[in-house]
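Peer 1: Counting the sequence shown from 1 gives a position; our numbering is that position plus 1193.
Take a look at this one; I'll ask things after.
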Amino acid sequence: MAIIDLGELRHERDPEELPRPPCSVGRPLRVALVFLMVLATVVSAAPLPRREVIALPAAAGAEALIADDLYLVVEPTGLNGSQRRLDAYRLPGGELLWQLPVPVPGRYWGMSMQDGMLLIAGYEATAGDPPGTVTIALDPATGETRWQQPGSPLPVSGGGLLLETGDEEQGRTLRVVDGCCGRVRWQAQTPAGQFTFRATESGIDRLVLSTADGRVEVRDASTGAVRAEADLWEPADRREARAPAEGPEVGVQVVGDLLLTLRGAPATVTAYDLDGLRLRWRTELNEAFYASECGPVLCFQGRSEELQAIDPATGRQLWTGRGWIAWSSRDGLVATRANSGGAMQLDVLDPVSGAVRGELGRWEMVLPSGLDGPVIGIRPQPGGGLLVAELNLTTGTARPLDVLREATGGCQSIGYQLACRKPTGGYGLWQLRP
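The structure is reproduced here in structure tokens:
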């Protein structure tokens, strides 16, 4: 069903009165002036461009997500305990493609296209024990179930999917399977301890496991082969006797080609080559809760809202800032003021100096369906609806695109198309004006 949005009618300024030609002007010019006046009348009377808004159904409480060109809705649990249904609609037209009962009862939080399959990930509904994760692979054209396995999916560089089950206390099972059919390429049981990985643009390529006594192992995600292993903890950091609930004494993270260990407060940060586990540098910071890649520098975020930037080659501290929470985008370093509720105050920082390049203002960044599309921001508009803008994360500027009077939030973007909740129920798909 398509709804035509005529937009907002605006009063056009009356054309200025043409000056009266002098008496010496002949008939050809008078004819031309009459023609121009008629043309101006026709143009001013032309209707405003019409905008088509596609209505996308979703009942209250339904889970709605977009995966590539599919709009997917998992209907809410029925009062009579009936099996939930998954509906798929083709975008941008909104035509119903298929419907099917959800194969496994549970709460679904992730839908994506990988290796030609539609992957649905969620928490399986089980009685008693904490719910486990489950992944279901469907044929995107028909909805037919291709395979189902425990674990949540992560794409692997070079093809395949990593499925992980278990936890830090009991140990884990790691499996890499073919996306087409769920065939297991390799699997391994790991002891209790921390688990992390390196994610690249093409998928995960390294897996890192560390135990409480300091044994660290780096695996190739595609083959499962061990690339490096070493005992990295100092004697004082080993915690065999500590209760697992107290958490690890040493945190392990992977950023770029570095494996980082973070211990204590003030924090000692030690960097190793990821593939060889050779010591690169060690530095002391006021505090370091977690590390992240911020373009050409490493960012360390503290619990007290302190942000510190480190040279990844040497460990030298470059700058510090308080009150920032920062993350890297494909175009720059974006920071938000800590404790800014609702729409966040967004700024663009220079990653090398920490200087503010631009102040974007308060925006809620929209979840994109891909990595190569525009960065879209929304915020409530006085009188109702949403103001929509394209955010430039290099210059720190916001370019207004549209005002959607019938949108309330919960938006996802597909390039310059925006799907948002409507106050009357369901979603609408708007074509933005780039």
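Built from N, CA and C at the ideal position, the CB exists for glycine as well.
Note that the structure is predicted; figures quoted are calculated from it, not measured.
With respect to the beta strand (DSSP E) encompassing glutamine 1276, which residues constitute its N-terminal and C-terminal limits?
Peer 2: Counted from its first residue, the sequence shown places residue 1276 at position 83. Neither: glutamine 1276 is in no beta strand (DSSP E) and is coded neither H nor E.
Peer 1: Hey, cysteine 1327 and proline 1343 are a contact pair by Cβ (cut 8 Å); roughly how many whole angstroms apart?
Peer 2: By one-based count along the sequence shown, residue 1327 stands at place 134. By one-based count along the sequence shown, residue 1343 stands at place 150. The question names cysteine, but residue 1327 in the sequence shown is valine. Their Cβ separation, rounded to whole angstroms, is 6 Å, which keeps valine 1327 and proline 1343 in contact under 8 Å.
Peer 1: Just to confirm before moving on: does the CB-CB distance between glycine 1444 and leucine 1455 stay below 8 Å?
Peer 2: Start at 1 with the first residue of the sequence shown, and residue 1444 comes out as number 251. Start at 1 with the first residue of the sequence shown, and residue 1455 comes out as number 262. In contact: glycine 1444 and leucine 1455 (Cβ atoms closer than 8 Å).
Peer 1: Answer with buried or exposed for glycine 1152, where buried requires no fewer than 16 other C-beta atoms within 10 angstroms of its C-beta.
Peer 2: The chain is shown only over 1194 to 1627; residue 1152 falls outside these bounds and no answer can be derived.
Peer 1: Using three-state DSSP, classify alanine 1239 as helix, strand or coil.
Peer 2: Counted from its first residue, the sequence shown places residue 1239 at position 46. Residue confidence for alanine 1239 is low, a pLDDT of 39 falling below 50, so the modelled location carries little weight; the figure read from the coordinates is stated next. Note: alanine 1239 maps to coil in three-state DSSP.
Peer 1: Is valine 1527 near leucine 1611, with beta carbons less than 8 Å apart?
Peer 2: Here the question's residue 1527 lines up with position 334 in the sequence shown. Here the question's residue 1611 lines up with position 418 in the sequence shown. Going by C-beta atoms, valine 1527 is not nearer than 8 Å to leucine 1611.
Peer 1: I need the straight-line Cα distance from leucine 1355 to glutamine 1307, nearest angstrom please.
Peer 2: Position 162 of the sequence shown, counted from the first residue, corresponds to residue 1355. Position 114 of the sequence shown, counted from the first residue, corresponds to residue 1307. Cα to Cα, the separation comes out at about 12 Å.
Peer 1: Please report the distance separating the alpha-carbon of aspartate 1261 from that of leucine 1425.
Peer 2: Within the sequence shown, the letter at position 68 stands for residue 1261. Within the sequence shown, the letter at position 232 stands for residue 1425. Straight-line Cα distance between these residues: approximately 43 Å.
Peer 1: Please check the pair arginine 1283 and valine 1295, which I expect to be a contact at CB under 8 Å, by giving their CB distance rounded to whole angstroms.
Peer 2: For this step, residue 1283 is matched to residue 90 along the sequence shown. For this step, residue 1295 is matched to residue 102 along the sequence shown. So it is not a contact: roughly 20 Å between Cβ atoms.
Peer 1: In whole angstroms, give me the CA-to-CA distance for glutamine 1624 and valine 1462.
Peer 2: Taking the first residue of the sequence shown as position 1, residue 1624 is located at position 431. Taking the first residue of the sequence shown as position 1, residue 1462 is located at position 269. Cα-Cα distance, rounded: 47 Å.
Peer 1: Contact check, leucine 1258 vs methionine 1304 under 8 Å by CB: the rounded distance?
Peer 2: Start at 1 with the first residue of the sequence shown, and residue 1258 comes out as number 65. Start at 1 with the first residue of the sequence shown, and residue 1304 comes out as number 111. Leucine 1258 to methionine 1304, Cβ: 4 Å. Contact.
Peer 1: Given a cut-off of 8 Å, decide if valine 1349 and threonine 1158 are closer than it, judged by their beta-carbon atoms.
Peer 2: The structure shown does not extend to residue 1158, since the chain spans only 1194 to 1627, so no value can be given for it.
Peer 1: In terms of alpha-carbon separation, which member of Arg1399, Thr1476 and Gly1286 lies closest to leucine 1467?
Peer 2: Here the question's residue 1467 lines up with position 274 in the sequence shown. Of the listed residues, the one whose Cα sits closest to leucine 1467 is Arg1399.
Peer 1: Using the C-alpha atoms, what's the distance from alanine 1600 back to leucine 1579?
Peer 2: Sequence index remark: in the sequence shown, residue 1579 carries index 386 (1-based). Sequence index remark: in the sequence shown, residue 1600 carries index 407 (1-based). So the alpha carbons of these two residues sit roughly 6 Å apart.
Peer 1: Determine which residues share a DSSP beta bridge with alanine 1413 and list them.
Peer 2: On the sequence shown, residue 1413 is found 220 positions in, with the first residue counted as 1. The amino acid at residue 1413 is misidentified as alanine; the sequence shows aspartate. Beta-bridge pairing links aspartate 1413 to Arg1399.
Peer 1: What are the residues that DSSP puts in a beta bridge with glutamine 1341?
Peer 2: Within the sequence shown, the letter at position 148 stands for residue 1341. In DSSP, glutamine 1341 forms a bridge with Ile1329.
Peer 1: Leucine 1232 by DSSP, collapsed to three states: which one?
Peer 2: As a first step, residue 1232 must be located in the sequence shown, where it is residue number 39. For leucine 1232, the predicted structure reports a pLDDT of 32, less than 50, and the residue's modelled location is therefore unreliable. A value from the coordinates is still provided. Helix.
Peer 1: Any idea if serine 1395 is buried or exposed, counting beta-carbon neighbours within 10 angstroms, 16 or more meaning buried?
Peer 2: For this step, residue 1395 is matched to residue 202 along the sequence shown. It is exposed - the Cβ of serine 1395 has fewer than 16 other Cβ atoms within 10 Å.
Peer 1: At which residues does the beta strand (DSSP E) containing methionine 1424 begin and terminate?
Peer 2: Residue mapping note: residue 1424 aligns to position 231 of the sequence shown, counting from 1. The identity of residue 1424 in the sequence shown is aspartate, whereas the question assumes methionine. Segment 1419 to 1424, the beta strand (DSSP E) holding aspartate 1424.
Peer 1: Are there 16 or more other CB atoms within 10 angstroms of the CB of serine 1415, so buried, or fewer, so exposed?
Peer 2: Numbered from its first residue, the sequence shown carries residue 1415 at position 222. The residue in question, serine 1415, is buried, as its Cβ has 16 or more Cβ neighbours within 10 Å.
Peer 1: Assuming glutamate 1268 and alanine 1252 form a contact by the criterion Cβ under 8 Å, report the distance between their Cβ atoms to the nearest whole angstrom.
Peer 2: Translated into positions along the sequence shown, residue 1268 becomes position 75. Translated into positions along the sequence shown, residue 1252 becomes position 59. Right, their Cβ atoms sit about 6 Å apart.
Peer 1: Could you tell me the alpha carbon to alpha carbon distance between glycine 1495 and tyrosine 1483, rounded to whole angstroms?
Peer 2: Within the sequence shown, numbered from 1, the residue matching residue 1495 stands at position 302. Within the sequence shown, numbered from 1, the residue matching residue 1483 stands at position 290. In a straight line, the C-alpha of glycine 1495 is about 7 Å away from that of tyrosine 1483.
Peer 1: Going by the CB atoms, is the gap between glutamate 1442 and proline 1459 shorter than 8 Å?
Peer 2: Counting from one through the sequence shown, the residue named residue 1459 turns up at place 266. Counting from one through the sequence shown, the residue named residue 1442 turns up at place 249. Going by C-beta atoms, proline 1459 is not nearer than 8 Å to glutamate 1442.
Peer 1: Is DSSP giving proline 1285 helix, strand or coil here?
Peer 2: Reading the sequence shown from its first residue, position 92 is the one you call residue 1285. Three-state result, proline 1285: coil.
Peer 1: Is it buried or exposed, glycine 1618, if we count other Cβ atoms within 10 angstroms and call 16 or more buried?
Peer 2: Mapped onto the sequence shown, residue 1618 falls at position 425. So glycine 1618 counts as exposed.
Peer 1: If I follow the unbroken beta strand (DSSP E) through valine 1459, where does it start and stop?
Peer 2: Translated into positions along the sequence shown, residue 1459 becomes position 266. According to the sequence as given, residue 1459 is proline; it is not valine. Premise fails: proline 1459 is in no beta strand (DSSP E) and is neither H nor E.
Peer 1: Using 8 Å as the threshold, is the C-beta distance between aspartate 1595 and valine 1581 below it?
Peer 2: If you number the sequence shown from 1, residue 1595 lands on position 402. If you number the sequence shown from 1, residue 1581 lands on position 388. Yes, they are a contact pair.
Peer 1: Who does alanine 1519 pair with in a DSSP beta bridge?
Peer 2: For the purposes of this step, residue 1519 is taken as the residue at position 326 of the sequence shown. Paired residue(s): Ala1528.
Peer 1: Of the choices Ile1397, Glu1427, Gly1386 and Ile1329, whose alpha-carbon is the least far from that of glutamate 1410?
Peer 2: Your numbering for residue 1410 matches position 217 in the sequence shown. When only C-alpha atoms are compared, the closest one is Gly1386.
Peer 1: Can you find the residues in the same chain that come closer than 8 Å, C-beta to C-beta, to arginine 1339, ignoring five residues on each side of it along the sequence?
Peer 2: Here residue 1339 corresponds to residue number 146 of the sequence shown, with the count starting at 1. Contacts found: Met1310, Ala1330, Leu1331, Asp1332, Cys1373, Cys1374 and Gly1375.
Peer 1: Pick out whichever of Pro1489, Gly1449, Trp1291 and Arg1300 has its Cα sitting closest to the Cα of arginine 1391.
Peer 2: Position 198 of the sequence shown, counting from 1, holds the residue named residue 1391. Closest by alpha carbon: Gly1449.
Peer 1: How about arginine 1300 and glycine 1287: are their beta carbons less than 8 Å apart?
Peer 2: The residue labelled residue 1300 in the question sits at position 107 within the sequence shown. The residue labelled residue 1287 in the question sits at position 94 within the sequence shown. Going by C-beta atoms, arginine 1300 is not nearer than 8 Å to glycine 1287.
Peer 1: Return the first residue and the last residue of the beta strand (DSSP E) that glutamate 1317 is part of.
Peer 2: The count along the sequence shown starts at 1 and reaches residue 1317 at position 124. Start and end: 1310 to 1317.
Peer 1: When you compare only the Cα positions, how much space is there between valine 1545 and alanine 1255?
Peer 2: Here the question's residue 1545 lines up with position 352 in the sequence shown. Here the question's residue 1255 lines up with position 62 in the sequence shown. Taking the straight line from one Cα to the other gives about 44 Å.
Peer 1: Based on the DSSP secondary-structure assignment, which residues constitute the bridge partners of glycine 1359?
Peer 2: What you label residue 1359 is simply residue 166 of the sequence shown in a count that begins at 1. DSSP output for glycine 1359 lists Arg1365 as bridge partner(s).
Peer 1: So the candidates are Ala1502, Ile1518 and Ala1506; which of them puts its Cα closest to the Cα of tryptophan 1512?
Peer 2: The residue given as residue 1512 occupies position 319 in the sequence shown. Here the closest residue by C-alpha is Ala1502.
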